[in-house]
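S.K.:
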Amino acid sequence: MSAKNFGTGIQTGLTGQGDGTVMDQGLTADTLVACEAGWMRVSDLREGNRVKTFDNGLQEITAIRRTVLWPGATTIPQPFWPLTVPAGALSNDTEIILLPAQGVLVESELVRDPMGDPFAVVPSLALEGLCGIRRKAPPPELEQIRLIFRQDEVIYVRSGVLAFCRGRTDSARMSRSSVQRLYNVMAYAQAREVFMLDRALAERALVRTGRYTASFGEYSLAV
Numbered sequence: 001m002s003a004k005n006f007g008t009g010i011q012t013g014l015t016g017q018g019d020g021t022v023m024d025q026g027l028t029a030d031t032l033v034a035c036e037a038g039w040m041r042v043s044d045l046r047e048g049n050r051v052k053t054f055d056n057g058l059q060e061i062t063a064i065r066r067t068v069l070w071p072g073a074t075t076i077p078q079p080f081w082p083l084t085v086p087a088g089a090l091s092n093d094t095e096i097i098l099l100p101a102q103g104v105l106v107e108s109e110l111v112r113d114p115m116g117d118p119f120a121v122v123p124s125l126a127l128e129g130l131c132g133i134r135r136k137a138p139p140p141e142l143e144q145i146r147l148i149f150r151q152d153e154v155i156y157v158r159s160g161v162l163a164f165c166r167g168r169t170d171s172a173r174m175s176r177s178s179v180q181r182l183y184n185v186m187a188y189a190q191a192r193e194v195f196m197l198d199r200a201l202a203e204r205a206l207v208r209t210g211r212y213t214a215s216f217g218e219y220s221l222a223v
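Sequential numbering from 1 applies to the sequence shown in full-length UniProt numbering.
(1) Compare the Cα-Cα distances from Val-106 to each of Val-185, Lys-52 and Phe-119 and report the closest residue.
(2) Let's test the definition: count the other Cβ atoms within 10 Å of the Cβ of Gly-57 and tell me whether it reaches 16, buried, or not, exposed.
(3) Mind checking which residues open and close the alpha helix (DSSP H) that includes Phe-195?
(4) Please go through the same chain and pick out, in chain order, the residues whose beta-carbon is closer than 8 Å to the beta-carbon of Gly-210, but skip the five residues on each side of it.
(5) Out of Leu-182, Leu-98 and Pro-114, state which residue places its alpha-carbon closest to the alpha-carbon of residue 227.
(6) On the CB-based measure, 16 or more other CB atoms within 10 Å of its CB, does Glu-153 come out buried or exposed?
(7) Would you call the stretch 126-141 and the stretch 46-62 in contact, with 3 or more CB pairs under 8 Å?
(8) If the criterion is Cβ atoms closer than 8 Å, does the pair Ala-29 and Glu-141 meet it?
(9) Return the CA-CA distance between Gln-190 and Gln-59, expressed in angstroms with no decimal places.
(10) Apart from the five residues just before and just after Met-85, which ones in its own chain have a Cβ nearer than 6 Å to its Cβ?
(11) For Asp-113 and Val-122, I'd like the C-alpha separation in whole angstroms.
(12) Taking the alpha-carbon of Ala-187 as reference, which of Ala-34, Val-33 and Val-104 has the nearest alpha-carbon?
(13) Do the CB positions of Ala-101 and Gln-151 come within less than 8 Å of each other?
(14) Give the DSSP bridge partners of Gln-144, in chain order.
(15) Mind checking Ala-126: buried by the 16 CB within 10 Å criterion, or exposed?
(16) Would Ile-155 pass as a contact of Thr-62 if the rule is Cβ separation under 8 Å?
(17) Hey, would you say Pro-139 sits closer than 8 Å to Trp-81, going by beta carbons?
(18) Let me know the beta strand (DSSP E) ranges lying completely inside the UniProt domain "Hedgehog/Intein (Hint)" (27-157), each 3 residues or longer, listed in chain order.
(19) If you count every other CB in all the chains shown that lies within 10 Å of the CB of Met-40, and 16 or more means buried, which is it?
(20) Alpha carbon to alpha carbon, what distance is there between Val-185 and Val-68?
(21) Tell me, which residues are paired with Gly-167 by DSSP?
(22) From Leu-110 to Ser-43, what does the alpha carbon distance come to, in whole angstroms?
(23) Determine which residues share a DSSP beta bridge with Val-185 and list them.
Written out as structure tokens, the structure reads:
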């Protein structure tokens with residue numbers, strides 16, 4: 001696989017081709033998500049399952065996209081390694097792995113959403129170096145799983161993260177332009193610049209945001 005193919009996704013941020021050669025948003029298979037039945041592994045979710053969202057209560061999964069990343073590759077360039085969030089960094093009890101382009105919602109006075117509230121969606125890569133978040137070499141052919149809802153949603157991930165999920169773009173009820181206004185989705189360069197202005201403030205914001213998922217601590221693991 002060429003360096004050119006590896007480079008495509010990192011430049012497009014939260015977009016990608018979905019063919020395993022570029023980075024895109026998505027969660028790893030063992031990630032636990034707050035659902036109607038309790039915490040469920042992303043790999044166990046199916047279309048029709050209802051997931052707890054940050055703004056819109058329980059929402060049904062309308063589609064699931066699975067992609068094996070870097071198929072056949074023997075070496076993955078370090079810029080494409082996933083990021084690890086160490087236990088305790090974001091009020092999380094265990095380490096979590098985030099793909100670089102996966103969007104996460106952050107509450108911070110440094111940002112604003114379209115409603116004027118202090119929230120923004122940033123690519124995980126922009127958080128590198130904050131709260132001990134660092135890169136880690138991925139296992140061979142890591143599977144990326146994308147959950148798709150009727151519209152853009154933010155969901156609860158057990159280990160202290162609010163994960164952004166793109167909505168359908170073919171909905172007759174809602175155009176892409178109207179969907180985008182629900183969240184301030186920042187590009188990597190913009191988010192990185194903002195957070196590096198005040199690292200201490202940025203780290204406090206990440207920890208504060210992580211506490212949202214801590215409120216689901218009483219949830220049991222669905223079987």
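Built from N, CA and C at the ideal position, the CB exists for glycine as well.
M.R.: A quick look at the data gives this:
(1) Residue mapping note: residue 106 aligns to position 106 of the sequence shown, counting from 1. Among Val-185, Lys-52 and Phe-119, the Cα nearest to that of Val-106 is on Phe-119.
(2) For the purposes of this step, residue 57 is taken as residue 57 along the sequence shown, with counting starting at 1. Exposed: under 16 other Cβ atoms inside 10 Å.
(3) Stepping through the sequence shown from its first residue, residue 195 is reached at position 195. Per DSSP, Phe-195 belongs to the alpha helix (DSSP H) from 188-197.
(4) By one-based count along the sequence shown, residue 210 stands at place 210. So the list reads Ala-89, Leu-90, Ser-91, Asn-92, Gly-160 and Val-161, once near-sequence residues are dropped.
(5) What the structure shows of the chain is the stretch from 1 to 223, and residue 227 is not part of that stretch, so it cannot be assessed.
(6) Residue 153 sits at position 153 when you count from the first residue of the sequence shown. Classification of Glu-153: buried, given that the 10 Å Cβ count is 16 or more.
(7) no
(8) For the purposes of this step, residue 29 is identified with residue 29 of the sequence shown, where counting begins at 1. For the purposes of this step, residue 141 is identified with residue 141 of the sequence shown, where counting begins at 1. Judged by their CB atoms, Ala-29 and Glu-141 are not nearer to each other than the 8 Å cut-off.
(9) Walking along the sequence shown from the start, residue 190 turns up at place 190. Walking along the sequence shown from the start, residue 59 turns up at place 59. Rounded to the nearest angstrom, the gap between the Cα atoms of Gln-190 and Gln-59 is 30 Å.
(10) In the sequence shown, residue 85 corresponds to position 85, counting from 1. One detail in the question is off: residue 85 reads as Val in this sequence, not Met. In its chain, beyond the 5 residues on either side, Ile-96 and Ile-133 have a beta carbon closer than 6 Å to the beta carbon of Val-85.
(11) Start at 1 with the first residue of the sequence shown, and residue 113 comes out as number 113. Start at 1 with the first residue of the sequence shown, and residue 122 comes out as number 122. Straight across, the Cα-Cα distance linking Asp-113 with Val-122 is about 12 Å.
(12) As a first step, residue 187 must be located in the sequence shown, where it is residue number 187. Of Ala-34, Val-33 and Val-104, the residue nearest in Cα terms is Val-104.
(13) Here the question's residue 101 lines up with position 101 in the sequence shown. Here the question's residue 151 lines up with position 151 in the sequence shown. Result no, Cβ atoms of Ala-101 and Gln-151 do not sit closer than 8 Å.
(14) Translated into positions along the sequence shown, residue 144 becomes position 144. BP columns for Gln-144 point to Thr-28 and Thr-67.
(15) Here residue 126 refers to the residue found at position 126 of the sequence shown. Flag for Ala-126 reads buried.
(16) Here residue 155 corresponds to residue number 155 of the sequence shown, with the count starting at 1. Here residue 62 corresponds to residue number 62 of the sequence shown, with the count starting at 1. Their beta carbons are not under 8 Å apart, which means Ile-155 does not touch Thr-62 by this criterion.
(17) Here the question's residue 139 lines up with position 139 in the sequence shown. Here the question's residue 81 lines up with position 81 in the sequence shown. Not in contact: Pro-139 and Trp-81 (Cβ atoms no closer than 8 Å).
(18) 32-35, 38-41, 50-53, 57-60, 63-68, 83-85, 96-98, 103-107, 119-123, 143-148 and 153-157
(19) Here the question's residue 40 lines up with position 40 in the sequence shown. It counts as buried.
(20) If you number the sequence shown from 1, residue 68 lands on position 68. If you number the sequence shown from 1, residue 185 lands on position 185. Cα to Cα, the separation comes out at about 25 Å.
(21) The residue labelled residue 167 in the question sits at position 167 within the sequence shown. Bridge partners of Gly-167 according to DSSP: Phe-149.
(22) Walking along the sequence shown from the start, residue 110 turns up at place 110. Walking along the sequence shown from the start, residue 43 turns up at place 43. So the alpha carbons of these two residues sit roughly 34 Å apart.
(23) Here residue 185 is taken as the residue at index 185 of the sequence shown, counted from 1. Answer by DSSP bridge pairing, in chain order: Val-121.
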